[in-house]
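J.:
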Amino acid sequence: MTNYIDGFVFPIPRVYLEEYKKVAEKVADIWKEYGAIAYFEFIGDELHLEGTKSFIETVNTKEDEEIIFGWTVFPSKEVRDLANQKVPTDPRIKELVDHLTNPEKLIFDASRMIYGGFKPFIESHK
């Protein structure tokens, strides 16, 4: 197991889901240009389990928001580190991020995002 992933969770207003999805699809392509081997985003469905803290509580989700849970897979930490240096400076990313974080119509609030890089621990396939 050599893959490395960056994982993230954040809330997004329902009214902007389709707009966000179009941007996220472009973002996924850019990450793959810089070495990611896969990019996933899922929308919350069942987010409560008795006795645990939910994503809803953790990111302080509002009633009109959905939870996005995603991860980007890289072949190694080294490829991930290089991509994390290059992607933020790509002019296409800057344009997309500026669109999402426009203060007049805040689609994405990065201050409410939970993020981390993860090395392999257990891998099990059917």
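According to this note's numbering, the sequence shown is numbered sequentially starting from 8.
Yeah, the Cβ is synthetic: ideal placement off N, Cα and C, and Gly gets one too.
(1) Count the other CB atoms within 10 Å of the CB of Leu56; is the residue buried (16 or more) or exposed (fewer)?
(2) For Val34 and Phe115, what's the separation of their Cα atoms in angstroms?
(3) Would DSSP call Ile74 helix, strand or coil?
(4) Below 7 Å CB to CB, which residues in the same chain sit around Asn10 once its five sequence neighbours on both sides are set aside?
(5) Our contact map puts Glu73 next to Leu107 with C-beta atoms below 8 Å; I'd like the distance itself, whole angstroms only.
(6) Whose CA, out of Val104, Tyr41, Thr65, lies closest to the CA of Lys29?
(7) Pull the bridge partners of Asp36 from the DSSP assignment, please.
(8) Thinking just about the alpha-carbon of each residue, which of Ile12, Gly124, Glu48, Phe17 is nearest to the one in Lys69?
(9) Please state whether DSSP places Tyr41 in a helix, a strand or coil.
(10) Using C-beta distances below 7 Å, list every residue in its chain close to Asp97, excluding the 5 sequence neighbours before and after it, in chain order.
(11) Measuring alpha carbon to alpha carbon, tell me which of Arg87, Leu54, Ile44 ends up nearest Phe76.
(12) Can you check which of these residues, Gly58, Trp78, Asp71, is closest to Val22 by C-alpha distance?
(13) Compute the distance between the beta-carbons of Tyr46 and Ala90, then report whether it is under 7 Å.
T.: For this structure:
(1) As a position in the sequence shown, residue 56 is number 49, starting the count at 1. Exposed: under 16 other Cβ atoms inside 10 Å.
(2) Taking the sequence shown and counting its residues from 1, the one referred to as residue 34 is at position 27. Taking the sequence shown and counting its residues from 1, the one referred to as residue 115 is at position 108. Approximately 14 Å between the Cα atoms of the pair.
(3) Taking the sequence shown and counting its residues from 1, the one referred to as residue 74 is at position 67. Residue state, collapsed to three classes: strand.
(4) In the sequence shown, counting from the first residue as 1, residue 10 sits at position 3. Excluding sequence neighbours, Asn10 sits near Val80, Phe81, Pro82, Pro127.
(5) Against the sequence shown, residue 73 aligns to sequence position 66. Against the sequence shown, residue 107 aligns to sequence position 100. Leu107 and Glu73 do not touch by the CB rule: their CB atoms are close to 15 Å apart, not below 8 Å.
(6) Walking along the sequence shown from the start, residue 29 turns up at place 22. When only C-alpha atoms are compared, the closest one is Val104.
(7) Looking up residue 36 in the sequence shown gives position 29. BP columns for Asp36 are empty, so no partner.
(8) Stepping through the sequence shown from its first residue, residue 69 is reached at position 62. With distances taken between Cα atoms, Lys69 lies closest to Phe17.
(9) Stepping through the sequence shown from its first residue, residue 41 is reached at position 34. It is coil, neither helix nor strand.
(10) What you label residue 97 is simply residue 90 of the sequence shown in a count that begins at 1. Ile37.
(11) Within the sequence shown, residue 76 is the residue found at index 69, counting from 1. Nearest option by C-alpha distance: Leu54.
(12) Counted from its first residue, the sequence shown places residue 22 at position 15. That would be Asp71, whose Cα lies nearest to the Cα of Val22.
(13) The residue given as residue 46 occupies position 39 in the sequence shown. The residue given as residue 90 occupies position 83 in the sequence shown. The Cβ atoms of Tyr46 and Ala90 lie no closer than 7 Å to each other.
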